[in-house]
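In our numbering, each number is its position in the sequence shown, counted from 1, plus 6. To keep things clear, I will list the structure first and then write my remarks on it.
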Amino acid sequence: MFEQENYRQLFLEEVKKWNDTAFQYNCAGKAHPGCFADCVSFPLVLFKRIGVIPESFVTPEYLSVSGGREEFTKLIECIENIPTLEKVWERDKEFIDRSLLKLGDLIVCSSGAVVHHVLIYAERSDAWHCWPKIGVAKVDVGSFSIQKYAKRVYRFVREIND
């Protein structure tokens, strides 16, 4: 979807507005560029703002800040309920093949116990994410943590009105 120039430009303009936005736990979809976000509300609100996630979509609150398997299950259910997304990769044993990634892909990471995280693939080897003490910033998808903990990749494949 983000190969289309109009969506590409919308994404690039919107993500710039979020750079350096402060991290705040459990925003539950109330994130706002330049104010606060968490790792889940940042990408979901960003994509709502550019019109690829329905306005009616609700981001649930955390079950627990410390994560747990239930939190990961809830995160996956949340993402899989977005009608414009499709899962394009799920971890078996291999690391993410960067050639698979496209602009706007959501990368879901999980340590299995505590840390669950969502990133947005940008270009080259960059991804945008929101992390405690850092806020919204770019990170290299080739980093050890992302390669080790990436579990799934989702891609926007259809417009809301399809």
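All C-beta atoms in this analysis are idealised placements derived from N, C-alpha and C, irrespective of residue type, glycine included.
Run of the alpha helix (DSSP H) containing residue i, from where it starts to where it stops
{"i": "Lys139", "result": "Unbroken run through Lys139: none, as it is neither H nor E."}
{"i": "Lys158", "result": "Lys is not the amino acid found at residue 158; the sequence shown has Arg there. Careful: Arg158 lies outside any alpha helix (DSSP H), inside the beta strand (DSSP E) at Ala156 to Phe162."}
{"i": "Val147", "result": "Unbroken run through Val147: none, as it is neither H nor E."}
{"i": "Arg14", "result": "Glu11 to Trp24"}
Chain-order list of residues whose beta-carbon lies under 6 Å from that of residue i (same chain, five-residue window excluded)
{"i": "Val147", "result": "Ser131 and Ala133"}
{"i": "Phe78", "result": "Ser116 and His122"}
Buried versus exposed call for residue i [16 or more other C-beta atoms within 10 Å across all chains shown]
{"i": "Glu11", "result": "exposed"}
{"i": "Tyr127", "result": "buried"}
{"i": "Thr27", "result": "buried"}
{"i": "Leu125", "result": "buried"}
{"i": "Leu50", "result": "buried"}
{"i": "Pro39", "result": "buried"}
{"i": "Phe8", "result": "buried"}
{"i": "Ala37", "result": "buried"}
{"i": "Gly118", "result": "exposed"}
Range covered by the beta strand (DSSP E) that runs through residue i
{"i": "Ile126", "result": "His122 to Tyr127"}
Which runs of the alpha helix (DSSP H) spanning at least 4 residues fall entirely within the region 32-118, listed in chain order? 47-55 and 75-86
Cβ pair count under 8 Å reaching 3, the region 46-56 against the region 13-29: yes
Three or more beta-carbon pairs under 8 Å between the region 108-116 and the region 76-89, yes or no? yes
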